[in-house]
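Everything below concerns the one structure shown next.
Number of protein chains: 4
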Amino acid sequence: MEKSNIREPKQKRSIEKKNKIIEAGYLLFCEKGFYNTNTVEIAEKAGISVGTVYSYFEDKKAIFLEVLKYYSEKILMPMYAEFETLSMPLDLHEIISKIIEISVQTHMFSEAAHEEMLAMSHSDKDVKKLTHDFEEQVVLKFAEILCELGINIQNVNEKIHIIYNAVEFYSHEAAFHKHNFINYDVMREEIIKMIIKMISDRGY
Amino acid sequence: MEKSNIREPKQKRSIEKKNKIIEAGYLLFCEKGFYNTNTVEIAEKAGISVGTVYSYFEDKKAIFLEVLKYYSEKILMPMYAEFETLSMPLDLHEIISKIIEISVQTHMFSEAAHEEMLAMSHSDKDVKKLTHDFEEQVVLKFAEILCELGINIQNVNEKIHIIYNAVEFYSHEAAFHKHNFINYDVMREEIIKMIIKMISDRGY
Amino acid sequence: MEKSNIREPKQKRSIEKKNKIIEAGYLLFCEKGFYNTNTVEIAEKAGISVGTVYSYFEDKKAIFLEVLKYYSEKILMPMYAEFETLSMPLDLHEIISKIIEISVQTHMFSEAAHEEMLAMSHSDKDVKKLTHDFEEQVVLKFAEILCELGINIQNVNEKIHIIYNAVEFYSHEAAFHKHNFINYDVMREEIIKMIIKMISDRGY
Amino acid sequence: MEKSNIREPKQKRSIEKKNKIIEAGYLLFCEKGFYNTNTVEIAEKAGISVGTVYSYFEDKKAIFLEVLKYYSEKILMPMYAEFETLSMPLDLHEIISKIIEISVQTHMFSEAAHEEMLAMSHSDKDVKKLTHDFEEQVVLKFAEILCELGINIQNVNEKIHIIYNAVEFYSHEAAFHKHNFINYDVMREEIIKMIIKMISDRGY
DNA sequence: GATGAATGAGGATTCATTCAT
DNA sequence: GATGAATGAATCCTCATTCAT
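Residue numbers (numbering that gives the first Met the number 0), protein chains in the order written: chain A, 0 to 203; chain B, 0 to 203; chain C, 0 to 203; chain D, 0 to 203.
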């Protein structure tokens, strides 16, 4: 087996540098997409040389993969945090409202990342796997959270997956008020209504 | 103003040729994505020369734009057709089931196109506009259809947009049974249930 | 299987162009070695663009491989030709003298090619195979020629291989009078003497 | 004059370190060739840092040059040693056999070094000079040895050069039994026969 | 109108060498 | 003295686009 020449940063300075590359990649991929961003630009934006980029990452795609992980966490962290603060009795409408709000905020900060991720996830095996695993992880995590809250739902995985997608969708739309024929406050209320109904539905 | 050298095909043979390029582009973009498909391949698959491709299209992106339109119609046509055959009294569950079935079929044939489209739609202004307009058109069209069927719904645009997204999402997932922890028959029923509730909801 | 994009030239102009690339590669590889010659230089020397070079050759190494074949023939052709003119009775000393003369001439024209070939033949599998096969072909060809001349020699393959090497060696040395402590006329006579003895030796 | 920053090691530890670099370079150049070995690898194999390598050697080529000297001695030492043990009367066949055996052994250990050396020796002036001088030294040394043994040969330099080359050639071939159509035991006997005849020939 | 060979700018990646710590 | 992270010039190769035939 070939010995990898990629540095695994342990030192604080190294970790910072690697993070700078990821941050630079994130911004550029979002702004211009993967294929329209070149490695020199990433290096420049990170304030280092191309050579250094390549001492932290195998190749350009490896940067993209790490950017994806970074982006994923950026989205989920604040949501998970929100659930830590819950206290009984639950006000479903308020909780869901907050989650959606968080999601919208995140999307405002990273509109493009999501689409870029989706795009690469079909033409690239590795990206496909990463996004696939991420979705799975998120759905199962939320199912677990609901379970811990004592909320028992029939077909929980399927429902959460649907809900997760709806929230994603709304956030993406609302973040930029894409369509004029849509009132985004109304839309949010419709989605919240839908979610509450789904969660409350214990079958017939 | 710059004189355009792009031919607007009037002759039958010319139109056929242009369509062959679009079809070839569609297949290749779906299979490998925009950036991993080159113009020589498109020409070869269309059975003509690169030079000829450039007499019908300004550049590679122009092909993509036309492919997008072609793809959009491919998705919508069979759905619209379905609505032509409706007769009273409406069996909502059956109608929605059929629509979803059509959507899934379409996705099985063009998994990648959708994602590729999304991807380009953020890094490219022209693509962004096209997809934006397409969504708008579809939502308004369905709202109109419902109206013609005598179904009056509060917040109809918002609801249809949500529903449209849910169907898209389900089709995409189901077409390839992406996740093992999801039972796609169960998921479909949940989505149908959700849609019926949304449509039936006339406010309080 | 991947369809190769390498053009197989049939047209006269194409063949000429491919030959120009080979000739350019030959001159440059000889002058500066494989690793110190870049693809742009080859293209420039051939009077075409880099892109065109890559439409005739898979990669830089493929050029080298063809250069090798070209070089091999350049060496052998005039030798084979010499044997066509032989008439009885054979004057061994004269024949061998002539062969050596031809070999020296060739080496004067391509000193470096030989060494470069040897060098690459150990670090590169494909080059190794090519040179290996070439040697084999040459030895067997000469064995055949001797046989046709009615000259029967014990251990013919082994002897010819030894002789072939000695001639190569001498040519390489003599072409540039490398060493001052060597008298190359004397050396040639010693080699001819050796060859004659070897050929004349029918065992004990 | 430019002040050289290259350290001339006097301390035992320093000399050991320099030798480690040479040994590492030798192994790597043999295995992968000059251009496919990088300085980091050499440093790693030598168990030191790149920076340190550059405090002992001006540049990469300087390492190669020293490796060449090291390699040369590795080949010659055991041969010279063999001659120390000779006693009268000489059994030529046995002596030559032994020399060839030693040469084959050396080649089995350093197949590639020889070719790599040849390769560089044409594209690089310094390497050319080194190999040239080495050959000269060897031939003159053997001439001297023969002289000391009381063996007087006409055209001694030329003959030894021819013989030296034949032994080199045989060793290289035999070490790896390159060709199937050659019987290497037979070939060795032919070469020994040739050498004996050459040495025994005192002119007419 | 059609062809497809030719172009060459652009991009990913490597690696000899330096120099701050 | 030693280190090894950082540099960035240099190289191979691709491909959208043009244009002579």
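Even glycine gets a Cβ: it sits at the ideal position worked out from N, Cα and C. From a predicted model like this one, the values you see are computed outputs, not experimental measurements.
Secondary structure note for His160 of chain C: its alpha helix (DSSP H) is the uninterrupted segment Val155 to Ala174.
Residue B:Asp123 holds the alpha-carbon nearest to the alpha-carbon of Lys31 of chain A among B:Asp123, B:Leu148, B:Val103 and B:Ile181.
Neighbourhood of Ala118 of chain A in chain B, by CB distance below 8 Å: Gly32, Glu114, Glu115, Leu117, Ala118 and Met119, in chain order. If you draw a straight line from the Cα of Lys17 of chain D to the Cα of Cys29 of chain D, it is about 18 Å long.
Pairwise C-beta distances place the region 170-182 of chain C out of contact with the region 119-137 of chain C, as fewer than three of them are shorter than 8 Å. Excluding the 5 residues flanking it on each side, Glu65 of chain B has same chain C-beta neighbours closer than 6 Å at Ile21, in chain order. Taking one beta carbon from each stretch, the region 7-17 of chain C and the region 186-198 of chain B have fewer than 3 pairs nearer than 8 Å; the two do not touch. Closest in alpha carbon position to Tyr25 of chain D, among D:Glu143, D:Gly50, D:Lys158 and D:Leu67, is D:Leu67. Your pair Met186 of chain A and Glu157 of chain B checks out as a contact, with CB atoms roughly 4 Å apart and the cut at 8 Å.
Under the Cβ distance rule, Glu22 of chain A does not count among the residues neighbouring chain B, no pair being separated by less than 8 Å. The beta carbon of Met197 of chain D sits closer than 6 Å to those of Lys158, all from its chain and outside the five residues before and after it, given in chain order. A straight-line Cα-Cα distance of about 5 Å links Ala45 of chain B and Ala23 of chain B.
For Ala174 of chain C, the closest Cβ of chain D is not nearer than 8 Å.
The Cβ atoms of Val138 of chain C and Tyr169 of chain C lie no closer than 8 Å to each other. Pairing His113 of chain D with His171 of chain D gives a Cβ-Cβ distance under 8 Å. Here Met76 of chain B carries a helix assignment [DSSP, helix/strand/coil]. In this structure, Glu81 of chain C places its C-beta atom within 8 Å of the C-beta atom of Ile98 of chain C.
In the three-state DSSP reduction, Lys177 of chain B falls in the coil class, being neither helix nor strand.
Residue range Lys124 to Glu147 is occupied by the alpha helix (DSSP H) that includes Glu134 of chain B. Taking the CA atoms as reference points, Tyr34 of chain D sits about 42 Å from Ser48 of chain B. Here Val166 of chain B really is in contact with Ser102 of chain B; their C-beta atoms are around 5 Å apart, less than 8 Å. Scanning D:Met78, D:Val126, D:Ile74 and D:Tyr79 for the CA closest to the CA of His106 of chain D turns up D:Ile74. With a threshold of 16 other beta carbon atoms within 10 Å, Ile5 of chain A falls short and is exposed. Secondary structure at Asp184 of chain B: helix, using DSSP grouped into helix, strand and coil. Look at Ser54 of chain D here: in three-state DSSP terms it is helix. For Ile198 of chain B, none of the residues of chain A pass the 7 Å Cβ criterion, the least Cβ distance being about 12 Å.
Taking each of C:Tyr70, C:Tyr55 and C:Glu134 in turn and checking the Cα distance to Glu115 of chain C, the smallest one comes out for C:Tyr70. Against Met193 of chain D, the close residues of chain C are Ile161, Met193, Lys196 and Met197, in the order they occur along the chain (beta-carbon pairs closer than 8 Å).
In this structure, DSSP gives Glu7 of chain A a state outside helix and strand, which the three-state scheme calls coil.
Rounded to whole angstroms, the gap between the alpha carbons of His92 of chain B and Phe175 of chain B is 23 Å. Counting C-beta atoms within 10 angstroms of its own C-beta, Leu148 of chain C has fewer than 16 neighbours from the protein chains shown and is therefore classed as exposed.
A direct Cα-to-Cα measurement between Met78 of chain C and Val126 of chain C gives close to 23 Å. Residue state for Tyr70 of chain B is assigned as helix, using DSSP reduced to three classes.
Going by C-alpha positions, Glu135 of chain B is about 20 Å away from Glu188 of chain A. For Ile41 of chain B and Ile150 of chain B, the gap between their C-alpha atoms comes out near 45 Å.
The beta-carbon separation of Val155 of chain D and Ala173 of chain D, rounded to 26 Å, does not stay under the 8 Å limit for a contact.
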